[in-house]
Amino acid sequence: MLEVRELTKAFGGLVAVDRVSFALPAGTTLGVIGPNGSGKTTLLNTLNGVHAPDGGEIRFEGRRIGGLAPHRLAEAGIMRTFQTTRVFRTLTVAQNMWVPLLHRAVAPAAAAVRARELLAAVGLEDHADVPASQLSGGQQRLLEFARALMTEPRLVLMDEPFAGVHPEVVAVMVRRIEDLRRQGTAFVVVSHELPVLMALCQRVICLNQGRVIADGTPDEVRNSEAVLEAYLGLAAPV
């Protein structure tokens, strides 16, 4: 589904993403870990079209997408959630759900049904008419996640979705990710919450100074000496 080959992104003399390569099949959750400043968010921003790549290639379902704007990628089936939650605070929860559909030819009745189903799936159905500003931080993350699913994306990029979130909210999000993955949706999840991420993902890559230093199953990456060195500076369990 997603193929990344030798992807590179630099800011002046700083190479933030350095020849990163991986392939992500449909129905797979890929975890991206690494120390602070290792290039994780820049990788997502480059995949998402926020930054144009300086080198390499990104293909989604066989089509080259490197450098396309985020709205074009959304139309192609790629959605994104952010490290800092981006909800429209003055709109109601239900109105937030409609935002991704503003420029799409979608039947209002069908969209309303989908919005209700998604809000129910993340436990926000009783908050549909509440301004988003009145939601807790964790509930706002659930809203952003549910909103990203309104267009039925085939790939979802998530940046620190579990950070600072109550374990019950994390559990809701994890269950929904797993449900969608089994239906064929692919996910790329950046997170410092290693226990959650390792249990969720089928595959994990670790970045350090923009480069992939480990790529494999959660157990393989967890026990990689390169990963332990990057996180701790010594060869000991994470």
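Take the sequence shown: its position 114, counted from the start at 1, is 1430 in this note's numbering, and no numbers get skipped. Backbone N, C-alpha and C define an ideal beta-carbon position, used for all residues, glycine too.
Classified as buried, L1471 has 16 or more neighbouring CB atoms from the shown chains inside 10 Å of its CB. Where I1349 is concerned, the enclosing beta strand (DSSP E) starts and stops at 1345 to 1349.
No residue range can be given for L1440, since it is assigned to no beta strand (DSSP E) and is classified by DSSP as neither H nor E. If you draw a straight line from the Cα of Q1399 to the Cα of V1409, it is about 19 Å long. In this structure T1397 does not touch A1448 by the C-beta definition: roughly 14 Å separates them, more than the 8 Å allowed.
Within the same chain, Cβ atoms closer than 7 Å to the Cβ of R1321 are found at S1337, G1372, E1373, the five residues on either side in sequence being excluded. Secondary structure at F1503: strand, using DSSP grouped into helix, strand and coil. Below 8 Å, enough C-beta pairs join the segment 1325 to 1340 and the segment 1353 to 1372 to call them touching: three or more. With contact defined as three or more Cβ pairs closer than 8 Å, the segment 1422 to 1436 and the segment 1378 to 1395 are not in contact. When rounded, the separation of the alpha-carbon atoms in H1419 and P1386 is 14 Å. Straight-line measurement puts the Cα of D1442 at about 19 Å from the Cα of R1491. In this structure, the straight-line span from the alpha carbon of E1494 to that of A1515 is close to 11 Å.
The alpha-carbon of Q1499 is positioned some 24 Å away from that of R1388.
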